[in-house]
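What follows is a short report on a single structure.
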Amino acid sequence: MPKIYDNIENHLTQGLNETLELSQRTDFCVGYFNLRGWKEVAENIDKLEGASVREGENGEHRICRLLVGMQKLPN
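Read left to right, the sequence shown gives residues 380 to 454 (the numbering used here).
Next up, the structure:
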């Protein structure tokens, strides 16, 4: 069941850290990324052991990938 983080009853930082404690690697896809927020999860990301992922013909060892997709509005 998906969980909605409203930062009132369910806090995103707490949810991310609980998930990271159970993970080997992580991928984030966000519309906007502020580096100040990274400190909230950095300790648990540093603890990840990583895992092999398939990229094209090769297997690559990955720990954390962050995709930031900001879009410029038309004039």
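Using N, Cα and C, we set each Cβ at its ideal position, and we do this for glycine too.
| Item | Value |
| --- | --- |
| Should G429 and R441 be called a contact, given that it needs their Cβ atoms to be closer than 7 Å? | yes |
| Using only the heavy atoms of the ligand ATP, determine whether one of them is closer than 6 Å to the beta carbon of A421. | Ligands are entirely absent from the displayed structure, and the ligand ATP is therefore not among its contents. |
| State the CB to CB distance for the pair G410 and M449, rounded to an integer number of angstroms; the pair is presumed to be in contact (CB under 8 Å). | 6 Å |
| CA-CA distance, R433 and E439? | 6 Å |
| Beta strand (DSSP E) containing N389: first to last residue? | Counting along the chain, N389 falls outside any beta strand (DSSP E), and DSSP gives it neither H nor E. |
| Can you tell me whether T405 is buried or exposed, with buried defined as 16 or more other CB within 10 angstroms of its CB? | buried |
| Pull up the distance between the alpha-carbon of K418 and that of L452, whole angstroms please. | 29 Å |
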